[in-house]
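Top line first, the protein sequences correspond to chains U and R. Position one of the first sequence corresponds to residue 95 (the working numbering), numbered consecutively onward. Position one of the second sequence corresponds to residue 106 (the working numbering), numbered consecutively onward. Beta carbons: idealized from backbone N, C-alpha and C, even for Gly. Only a predicted model underlies this, so the values are computations on that prediction, with no experimental measurement involved. Here the structure comes first, spelled out in structure tokens, and everything after it is commentary.
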Amino acid sequence: MAAVPRDPISDVQQRILERQNTPWKKGVRRLQGLFVDAVLILLVLLMLEFLALAFSGRRGPTGLLLTPEEILDRLTYPWLALAAGFLALVWNLFYRAIGTSPGRALVRGAMKEEENLPWTQTSRGWFSVLLIQLTFFTGWLVTEVQVVAFLTKFSKAQDIVRGLMNPSADVLHQGLILLVQTIFLAFMATAFAIPIAFAVSFLAARNLTRANFWSRTAYLVVRTLMNLTRAVEPLVWALIFISWVGIGPFAGVLALWVHSVAALVKLYSEQIESIDNGPVEAITATGASTLQVLRYGVVPQVIPPFLSFTIYRWDINVRMSTIIGFVGGGGIGYILKPRVDLGAWGEVGTLVILIAVTVWMMDIVSAKIRERIV
Amino acid sequence: MSGPSEMQRREAVRIEGLSKVYDDGTLALDGVDLTVYEGEFLVVLGLSGSGKSTLLRCVNRLIEPTEGRILIHGEDMTAATGRTLRRMRSDVAMIFQQFNLVRRHTVLTNVLSGSLGRSGRLGSYFLRFSEIERKKALEFLERVGLEGRDQSRADALSGGQQQRVAIARALMQEAKLVLADEPVASLDPALRHSVMRHIEGLNRDEGMTVMCTLHDIDLVRRYATRLVALRAGRKVWEGTADEFDDETFLEIYGQEAEPAAEVA
Ligand SMILES: Nc1ncnc2c1ncn2[C@@H]1O[C@H](COP(=O)(O)OP(=O)(O)OP(=O)(O)O)[C@@H](O)[C@H]1O
Ligand SMILES: [Mg+2]
């Protein structure tokens, strides 16, 4: 990029600029922008081809119209990827004429003269709108949206709804007992999660991990681990722990525990990132150690919101623990699943009402407690 | 300790070629050289954005200087790391415009936190301090006129009271140097002298060297023994309180300030 003439800058700034803009770093940033553009353009091209195939009336080997899945199978991925790469390259080379590309804008910021334009006057604005529109139409076809069935075929579900409306008292007793188990299950999972999430969340907060190479590495590792953990559904964790410790509520506790740690670390660390830095600076200035700075500058500020998040998490865990039983993780779900499979809708109705009342009450209680704390 | 020539002047802080460029490219300090002598009450002047806060924060490394060197009592602060850095910091107390107390802790705990630099003990994690330290803290609270308030929560106090707690914290730190960044700017004008007099007390009675930024020219004239003026990150004037006349004032504040140049 040609240097834009600017006010004379001082020697220090000149030296900083040279340190920051090594050719290597510049190159990496260029490649990042190019890559983002290539991916975005590829998405547009793929969806265009998808829509073209869907509306061309082309038939498959069976003589029927192609299903969305068959179309996805037939898209010309390699060629479109090549084309996307080429187009991205063109856009990045001639961005002055075309307007800043989305990738370049993301990685290095838009050109000065584009900064304050409304989206209708930038090419990347139009590109974004095209991308969103295409995604919506393609999504409509891929998920096989059927407006007519939704509006006219309610009668087929009537049996189930009628059953739910007429709960049977047969499972009430057993349901209540398992409900108690469900609430304790959620509580234990939350209790086990608190100390670990508390300790780890400091390593997952950006503002506390800028100091040196090791803390930045710890941040990256913790974040990645937690994101992966959260990406795996509690149901899957339940299956893992059922084979580990056997069917029963403890497997459910472990499944919700793992998921809660990851979720709480995210909530806690975001809270840590938004604290007032003043007390941290004041304590640092006394010559306190890093742990003392955390204890005096950070912890007092985050305790009330942490409590609030934790209660909220218990609330979520109660909701989740009703499902955990579906696969054998204990709780009320354990007797719900077979009745769903058998179509015993009256009994299902009873259990659903029990769950709904519990969730509703947890919701009110946790909201009240959180109101008091914050 | 007013007349600089009366005694042999020992250096408390020596700043050499100090520059700071923030991550966004703002040049906040540009090659500042400055020596502060023991026992001085040095006031740093300058328009908003001239780099006063940045200068003070570089001295105890709350901000990492980009270039340059800072010696505190002859020891290199800029090269210090780990334990050495913490020990050197514990000799430098700081007083902030926004007080920066731990709001949910008691006044007493806030004062006691000034001693954290020398108490690495386990007890400090449970807000426990030795009886000697507690006695000292109560004494300092009395000195700043807050006896009986030691068990109040810090945020239950008024601004002026909070700043006096911060001064007690600085006393507790038993520092040799005090950095005060606009210590009275968020206080009622009527309260300013009461807080400033306590800072003067740190200087006169405790023999602490003070580096202070102030906006109010009356306060500057009343408390400073020496002055330094910054503009756009450069030192543009330096002199004693007597030399700071109206002409100098116009020189520092009068002309239209140029905003500091920025790098893309
Ligand atoms: N964290 C930061 N990131 C980027 N730029 C900053 C940061 N802090 C300060 N600056 C900039 O550095 C320059 C000097 O700021 P500094 O706070 O030191 O000035 P100051 O003299 O203390 O001003 P004031 O009298 O308003 O407190 C200003 O241009 C300011 O915008
Ligand atoms: Mg300032």
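Q. Fully enclosed by the segment 274–309 of chain R, which alpha helix (DSSP H) runs are 4 residues long or longer?
A. 294–309
Q: Scan the segment 293–373 of chain U and note each continuous alpha helix (DSSP H) run of 4 residues or more that stays entirely inside, going in chain order.
A: 307–325, 328–339 and 343–367
Q | Cutoff 7 Å; reference ASN186(U); Cβ partners in own chain excluding five residues on either side | A | Within the first sequence, the letter at position 92 stands for residue 186(U). So the list reads GLY127, LEU128, ASP131, SER195 and ARG198, once near-sequence residues are dropped.
Q) Under 8 Å between the Cβ atoms of ILE226(U) and ALA182(U)? A) Mapped onto the first sequence, residue 226(U) falls at position 132. Mapped onto the first sequence, residue 182(U) falls at position 88. No, they are not a contact pair.
Q) Is the Cβ of ILE288(U) closer than 8 Å to any Cβ of chain R? A) Here residue 288(U) refers to the residue found at position 194 of the first sequence. So, not an interface residue.
Q. In angstroms, rounded to a whole number, what distance separates the CA positions of VAL333(R) and LEU150(R)?
A. Taking the first residue of the second sequence as 1, we reach residue 333(R) at position 228. Taking the first residue of the second sequence as 1, we reach residue 150(R) at position 45. In a straight line, the C-alpha of VAL333(R) is about 6 Å away from that of LEU150(R).
Q. Name the chain U residues that come within less than 8 Å of HIS105(R), Cβ to Cβ?
A. There is no way to answer for residue 105(R), as the model of chain R reaches only from 106 to 369.
Q. Which chain U residues sit within Cβ distance under 9 Å of GLN278(R)?
A. Here residue 278(R) refers to the residue found at position 173 when the second sequence is read from its first residue. Those are ALA379, THR380 and GLY381, listed as they occur along chain U.
(Q) Under 8 Å, with one C-beta from each stretch per pair, do the segment 318–328 of chain R and the segment 275–295 of chain R reach the 3-pair mark? (A) Yes, since at least three Cβ pairs between the segment 318–328 of chain R and the segment 275–295 of chain R fall closer than 8 Å, the two stretches touch.
**Q.** Whole-angstrom distance between ARG300(U) and GLY173(R), CA atom to CA atom
**A.** Walking along the second sequence from the start, residue 173(R) turns up at place 68. Walking along the first sequence from the start, residue 300(U) turns up at place 206. Taking the straight line joining both Cα atoms gives about 28 Å.
Q) If TRP331(U) sits next to ALA349(U), beta carbons under 8 Å apart, how far is it from one beta carbon to the other, in whole angstroms? A) Translated into positions along the first sequence, residue 331(U) becomes position 237. Translated into positions along the first sequence, residue 349(U) becomes position 255. Their Cβ separation, rounded to whole angstroms, is 4 Å, which keeps TRP331(U) and ALA349(U) in contact under 8 Å.
Q. Of all the CB atoms in chain U, is at least one closer than 8 Å to the CB of MET313(R)?
A. Position 208 of the second sequence, counting from 1, holds the residue named residue 313(R). So, not an interface residue.
Q | Minimum Cβ-Cβ distance from GLN203(R) to chain U less than 8 Å | A | Residue numbering aside, residue 203(R) sits at position 98 when the second sequence is read from its first letter. Closer than 8 Å to some Cβ of chain U, the Cβ of GLN203(R) qualifies, so yes.
Q: Measure the beta-carbon distance from LYS281(R) to MET313(R) and round it to whole angstroms, keeping in mind my assumption that it falls under 8 Å.
A: Taking the second sequence and counting its residues from 1, one reaches residue 281(R) at position 176. Taking the second sequence and counting its residues from 1, one reaches residue 313(R) at position 208. With a Cβ gap of about 6 Å, LYS281(R) and MET313(R) count as contacting.
Q. Between which two residues does the beta strand (DSSP E) carrying SER124(R) extend?
A. Residue numbering aside, residue 124(R) sits at position 19 when the second sequence is read from its first letter. Residues 116–126.
Q: Locate the alpha helix (DSSP H) running through TRP173(U), then write down its first and last residues.
A: Residue mapping note: residue 173(U) aligns to position 79 of the first sequence, counting from 1. Element bounds for TRP173(U): 171–187.
Q) From GLU121(R), SER153(R) and ALA117(R), pick the residue whose C-alpha is nearest to that of ARG336(R); which is it? A) Working through the second sequence from its first residue, we reach residue 336(R) at position 231. Closest option to ARG336(R), Cα to Cα, is SER153(R).
Q: Give the DSSP-derived three-state secondary structure of GLU236(R) in the structure shown.
A: Taking the second sequence and counting its residues from 1, one reaches residue 236(R) at position 131. GLU236(R) falls in the helix class under three-state DSSP.
(Q) Please report the straight-line C-alpha distance between VAL239(U) and PHE149(U), rounded to a whole angstrom. (A) Indexing the first sequence from 1 puts residue 239(U) at position 145. Indexing the first sequence from 1 puts residue 149(U) at position 55. Each residue's alpha carbon lies about 16 Å from the other.
Q | Cβ-based neighbour list, ALA298(U), same chain, cut-off 7 Å, excluding 5 preceding and 5 following | A | Locating residue 298(U) in the first sequence gives position 204, counting from the first residue. TYR313, VAL316, ARG317, MET320, VAL359 and SER363, listed in sequence order.
Q. Taking Cβ-Cβ distances below 8 Å as the criterion, which residues of the segment 111–137 of chain R are in contact with chain U?
A. SER124, VAL126, GLY130, LEU132, ASP135 and GLY136
Q.
Give me the pocket residues for ligand 2, defined as CB within less than 7 Å of any heavy atom, sorted by chain position.
A. LYS157(R), SER158(R), ASP286(R), GLU287(R) and THR318(R)
Q: Determine whether the Cβ of SER218(R) lies closer than 8 Å to any Cβ atom of chain U.
A: The residue given as residue 218(R) occupies position 113 in the second sequence. Chain U contact via Cβ: present.
**Q.** Residues of its chain near ILE254(U), where Cβ-Cβ distance is below 6 Å and the 5 sequence neighbours each way are ignored
**A.** If you number the first sequence from 1, residue 254(U) lands on position 160. Within the same chain, ILE254(U) has close Cβ partners TRP439.
Q) Among the residues of its own chain, which have a CB less than 7 Å from the CB of LEU361(U), if the five just before and after it don't count? A) By one-based count along the first sequence, residue 361(U) stands at place 267. Non-local C-beta neighbours of LEU361(U) in its own chain, meaning closer than 7 Å and more than five positions away in sequence, comprise PHE403, ordered along the chain.
Q | Spatial neighbours of THR444(U) in its chain, beta-carbon cut-off 8 Å, leaving aside the 5 residues before and after | A | Within the first sequence, numbered from 1, the residue matching residue 444(U) stands at position 350. Non-local C-beta neighbours of THR444(U) in its own chain, meaning closer than 8 Å and more than five positions away in sequence, comprise PRO261, SER262, ALA263, ASP264, VAL265, LEU266 and GLY269, ordered along the chain.
Q. Is ASP129(R) helix, strand or coil when you go by DSSP?
A. For this step, residue 129(R) is matched to residue 24 along the second sequence. In this structure, ASP129(R) counts as coil in the three-state DSSP scheme.
Q) Where does the unbroken beta strand (DSSP E) through TRP342(R) begin, and where does it stop? A) Residue numbering aside, residue 342(R) sits at position 237 when the second sequence is read from its first letter. It spans 339–345 - the beta strand (DSSP E) in which TRP342(R) sits, taken as one unbroken run.
Q | Secondary structure of GLU143(U), DSSP reduced to three states | A | If you number the first sequence from 1, residue 143(U) lands on position 49. Correct three-state label for GLU143(U): helix.
Q | Assigned exposure category for MET455(U) - 16 Cβ within 10 Å defines buried | A | Within the first sequence, numbered from 1, the residue matching residue 455(U) stands at position 361. The residue is exposed, with fewer than 16 neighbouring Cβ atoms inside 10 Å.
Q. Cβ of PRO328(U) less than 8 Å from any chain R Cβ?
A. For the purposes of this step, residue 328(U) is identified with residue 234 of the first sequence, where counting begins at 1. The Cβ of PRO328(U) sits no closer than 8 Å to any Cβ of chain R.
Q: Please go through the same chain and pick out, in chain order, the residues whose beta-carbon is closer than 7 Å to the beta-carbon of GLY405(U), but skip the five residues on each side of it.
A: The count along the first sequence starts at 1 and reaches residue 405(U) at position 311. The identity of residue 405(U) in the sequence shown is Ile, whereas the question assumes Gly. Once the five neighbours on either side are set aside, the close Cβ partners of ILE405(U) are SER460, ILE463 and ARG464.
Q.
Within 8 Å, do at least three Cβ pairs link the segment 213–225 of chain U to the segment 153–168 of chain U?
A. no
Q | Neighbour list for SER235(R) in chain U, Cβ cutoff strictly below 9 Å | A | Here residue 235(R) refers to the residue found at position 130 of the second sequence. Chain U residues near SER235(R): none, gap ~15 Å exceeds 9 Å.
**Q.** ligand 1 heavy atom lying under 7 Å from the CB of SER155(R)
**A.** Position 50 of the second sequence, counted from the first residue, corresponds to residue 155(R). Within the cutoff, so yes.
Q) Taking just the CA atoms, how far does GLY193(U) sit from TRP213(U)? A) Position 119 of the first sequence, counted from the start, is the residue given in the question as residue 213(U). Position 99 of the first sequence, counted from the start, is the residue given in the question as residue 193(U). Each residue's alpha carbon lies about 12 Å from the other.
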